[in-house]
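Numbering (the working numbering), first residue to last: 16 to 162.
Quick reminder that beta carbons are idealized off the backbone N, C-alpha and C, glycines included.
Notes to accompany the following structure.
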Amino acid sequence: MESQTIQNQITCIYASGSKFSDQVQAFLESADKATLKIDICKTMPSDTQWHDIAERLNISLKMLIDTQKLKLFDQTSDFDEESLVKILANHPEALKGAIVMEGERISHILRYTQLLEFYNVDSAGLTKTMHSEEPVTQRQTGDERFL
């Protein structure tokens, strides 16, 4: 993965086959920025890459797995990190959300709108003026009546 990334390119790791992944793919395809999409149902990162991702996110791999999609998990399940990598390799559809990287930035997203953080989108493209214009706090029409 690291060798494939370039500066200012967004790398997104996801599992296809869900509404969420469809939304992520559509957003990435429509955005005007270089992207590398890694569908783990087709191309699985190596064990080392999974460990690196978890370390960079400062979480356990268990946080990346949707345990409700797997029957082998219950409230008392306690797998080590190596076992969790194997679970992801054998059940890629259990990846919860997506992992998005750009340079040194990395984020585990659970809503596709969180991708906006990587595109420098500010208030849906609306112009901010509060810092340069005082807010209007007086009556704007003649027929306003306030109690």
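query                                                                                             : result
The segment 67-87 in contact with the segment 125-136 per 3-pair CB rule at 8 Å                   : no
For R71, three-class secondary structure by DSSP                                                  : helix
For I55, the three-state DSSP class (helix, strand or coil)                                       : coil
Nearest residue (CA-CA) to A104, options I80, S92, G118 and V115                                  : I80
Run of the alpha helix (DSSP H) containing E96, from where it starts to where it stops            : E96 to N105
Short Cβ contact (8 Å threshold) for C27 with A113                                                : yes
Minimum C-alpha distance to S98 - residue among D67, F133, E119 and D62                           : D62
Neighbourhood of K86 by C-beta, 6 Å cutoff - its chain only, sequence neighbours within 5 removed : none
Exposure label - A41; buried when at least 16 CB within 10 Å                                      : exposed
Rounded separation between I25 and A109 - CA only                                                 : 22 Å
Identity of the residue in I68, E44, M59 and K52 nearest I121 by Cα                               : I68
Assigned secondary structure, L85 (DSSP; H/G/I helix, E/B strand, else coil)                      : coil
Rounded C-alpha distance that separates Y134 from P60                                             : 24 Å
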